[in-house]
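Participant: Shown below is the structure under consideration.
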Amino acid sequence: ESRGLGDVYKRQEYGEPQRLVMLSLLLLAALAGADASSCFSSATSDAGFSVCAFCETERFVHVATVTNMSYTQRLCLPGTNMSLPPDWSSFVGGTLVQYGQLQGYFWEDDSMATLAVVHLVHSMPRRDAMMLFSQDDRFLDFLLEHVRYALLSRGAAFQREVPQEIWLEYILPYAFLNEKRDLEFRWRPRFAQLFGDLVANSSNITEAMHRVADAMPAAAAAGMLQLGGVAIPGQTIRWQSESSPMNMSPEQVVLHRGSCTGTAIVMAAVARSVGLPVRIAGCSQSKAGDDHHWVEFWDNVTSSGPFKTSWHTKEGTSLGNSGGPWDAPSGPMSGCLRALVPNDDLNTMWASSWSSREFMPLQWNTGGTKPNDALQREVSFVGGVNLCGDYCTAWGCGANQTDRWEQHQCHVIA
């Protein structure tokens, strides 16, 4: 006779700890027949995939069951990912924090650590969830280390004044576009050690960003080597045209050079490592087969930015390349503005956003109709905010940069 888990719970005589263990084992047995690959066919969203994959990860389900058996049952029932409870990410994120404590990750402020993990899990692209809910803890280590160092970067007064919602969206996240995730390179602790003291006594975010931009070309971020008793500095950050998307992650750029996108990502990674809110901005196409990206940093203290908001602009810097001007368009940025086409997804202006559910197309990830485009969009989603109105009203768009389109004129969400 088939009986539900609740019936077993009522009928058996166990002490409370034994009941929890028994129920956990029963739930895991009930899920044992599931095939992890089925999440790809059954999930209709990144969130649905994360829940499905979480429910097929035995060690996490065991912790979740001990914490809240009934909720774990409801969350992990077949078909749940079609209609997720609104607090699914709070439960999954909280479970990951609890599991992390079993592995030695303890926090000065459990609530802030949990809030951070929940925020990352809630909008995590499928490619990262695949690694998080795998058979080892490498990606979880990567995730929790980013959380730890993001929390540690709030030491100076100007860092602590960053609003929580800005910190969550533009300092905490470990990714910018769809670059490789550097699980072994550990860019956040690496850059925090390299640049932390440099910005510690800055009076505001803009001053700290200037220090970062000035220092990056001389930074050897790949470590020190030694030959015959002579110390040899590691590689400095160097420019290499047309190297995206091959070299975009901080590790790839540090070791193999990078173009505008790669050096912008490195600058953004350095900034986040020292508690400065940043995002990647740019156009996905300025002419056929070409794009351009730079950094936007948030500072609401020093002055209004060029868009009459708290966002400011700076291109990435590297050895021999100081980038363009601050809060003004460089030549390549003006190329983006001249090529802007209203209501076009590529010839327009974007900024990355971790939690946005609007797809930010890239030259190599357009989200078009080809099979690989659809796969990229499904598995490696990049969230963005369209900013054509901000850039057009500030600096002009169109062939002669004389068009001052507002947002509703240049970008209509389908």
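The opening residue of the sequence shown carries number 44 in the working numbering; numbering runs sequentially from there.
Here a beta-carbon is modelled for each residue, glycine too, at the ideal position from N, C-alpha and C.
Does the region 269 to 280 come close enough to the region 331 to 350 to have 3 or more Cβ pairs within less than 8 Å?
Facilitator: Short answer: they don't touch.
Participant: Is the distance from the Cβ of Thr306 to the Cβ of Ser353 below 8 Å?
Facilitator: no
Participant: Which parts of the region 283 to 365 are runs of the beta strand (DSSP E), unbroken and 3 residues or longer, counting only runs that do not cross its ends?
Facilitator: 321 to 330, 333 to 341, 354 to 357
Participant: Could you pull out every residue in the same chain whose Cβ sits closer than 8 Å to the Cβ of Val255, ignoring the five residues on either side in sequence?
Facilitator: Phe238, Leu241, Val242, Met310, Val313, Ala314, Val317, Leu319
Participant: Is the beta carbon of Ser132 less than 8 Å from the beta carbon of His165?
Facilitator: yes
Participant: According to DSSP, simplified to helix, strand and coil, what is Met376?
Facilitator: helix
Participant: Of the choices Arg447, Ser398, Trp448, whose alpha-carbon is the least far from that of Gly426?
Facilitator: Ser398
Participant: Taking the straight line between their C-alpha atoms, what separation do you get for Arg300 and Arg117?
Facilitator: 49 Å
Participant: Can you tell me the Cβ-Cβ gap for Ala265 and Leu226, rounded? I've got them flagged as a contact below 8 Å.
Facilitator: Contact check for Ala265 and Leu226: beta-carbon distance about 16 Å, past the 8 Å limit, so the pair fails to qualify.
Participant: Gln202 lies in the alpha helix (DSSP H); which residues open and close that run?
Facilitator: Here the alpha helix (DSSP H) through Gln202 covers 200 to 203.
Participant: Mark Asp203 as exposed unless 16 or more other C-beta atoms lie within 10 angstroms of its C-beta, in which case mark it buried.
Facilitator: A small correction: the amino acid at residue 203 is Arg; Asp does not occupy that position in the sequence shown. Looking at its Cβ environment, which holds fewer than 16 other Cβ atoms inside 10 Å, Arg203 is exposed.
Participant: Going by C-alpha distance, which of Gly198, Val135, Val321, Ser365 is nearest Leu183?
Facilitator: Closest by alpha carbon: Val135.
Participant: Taking Ala382 as the reference, give the member of Pro260, His355, Ala331, Leu194 with the closest Cα.
Facilitator: It is Ala331.
Participant: Look at Cys326 and Thr409 and say whether their C-beta atoms are less than 8 Å apart.
Facilitator: Taking 8 Å as the Cβ cut-off, Cys326 and Thr409 do not qualify as a contacting pair.
Participant: Tell me whether Met252 is buried or exposed, calling it buried when 16 or more other Cβ atoms sit within 10 Å of its Cβ.
Facilitator: Counting Cβ neighbours within 10 Å, Met252 comes out buried, since at least 16 surround it.
Participant: Residues in the same chain with beta-carbon distance under 7 Å from Gln444, minus the five sequence neighbours each way, listed in chain order, please.
Facilitator: Ser377, Leu380, Arg381, Trp438
Participant: Pick out whichever of Cys95, Trp337, Pro368, Phe424 has its Cα sitting closest to the Cα of Gly359.
Facilitator: Trp337
Participant: Give the single residue among Arg170, Val273, Leu405, His162 whose Cα lies nearest to the Cα of Ile214.
Facilitator: Here the closest residue by C-alpha is His162.
Participant: Rounded to whole angstroms, what's the CA-CA distance from Asn503 to Asp153? Just pull it up for me.
Facilitator: What is shown of the chain runs 44 to 457, which leaves residue 503 out entirely.
Participant: Give the DSSP-derived three-state secondary structure of Ala394 in the structure shown.
Facilitator: strand
Participant: Please report the distance separating the alpha-carbon of Cys435 from that of Ser126.
Facilitator: 40 Å
Participant: Ignoring anything shorter than 4 residues, give me the alpha helix (DSSP H) runs that lie fully in the region 415 to 446, in order along the chain.
Facilitator: 431 to 438
Participant: Report the start-end ranges of each alpha helix (DSSP H) in the region 96 to 130 that is 4 residues or longer and not cut off at the edges.
Facilitator: 101 to 110, 112 to 119
Participant: Do Gln328 and Ser302 have their C-beta atoms closer together than 8 Å?
Facilitator: no
Participant: Within 10 Å of its beta-carbon, does Asn221 have 16 or more other beta-carbons around it, so buried, or fewer, so exposed?
Facilitator: buried
Participant: Using a Cβ-Cβ cutoff of less than 6 Å, which residues in the same chain neighbour Val296 once the five nearest sequence positions on both sides are dropped?
Facilitator: Asn290, Gly305, Val309
Participant: Quick one: Cα of Ala218 to Cα of Ser113, how far?
Facilitator: Going from the Cα of Ala218 to the Cα of Ser113 covers about 34 Å.
Participant: What alpha helix (DSSP H) runs, 4 residues minimum, are completely inside the region 126 to 173?
Facilitator: 131 to 145, 153 to 165
Participant: Hey, Arg181 and Asp89: beta-carbon distance below 8 Å or not?
Facilitator: no
Participant: Can you look up Leu74 in the DSSP assignment and give me helix, strand or coil?
Facilitator: With a pLDDT of 48 at Leu74, under the threshold of 50, the predicted position of this residue should be treated as unreliable, and no value is reported.
Participant: Do Thr115 and Gln141 count as a contact pair if the criterion is CB distance below 8 Å?
Facilitator: no
Participant: Taking the alpha carbon of His189 as the point to measure from, which residue in Phe234, Trp393, Pro128 has its own alpha carbon closest?
Facilitator: Phe234
Participant: Between which two residues does the beta strand (DSSP E) containing Ala235 stretch?
Facilitator: Ala235 -> not in any beta strand (DSSP E); alpha helix (DSSP H) instead, spanning 230 to 242.
Participant: Helix, strand or coil for Met267, going by three-state DSSP, please let me know.
Facilitator: strand
Participant: CA-CA distance, Ala151 and Leu194?
Facilitator: In the sequence under discussion, the amino acid at residue 151 is Glu, which differs from the Ala named in the question. Near 10 Å, if we compare the C-alpha coordinates of Leu194 and Glu151.
Participant: Can you check DSSP and say which residues form a bridge with Pro206?
Facilitator: DSSP, once it has assigned bridges, lists no residue as partnering Pro206.
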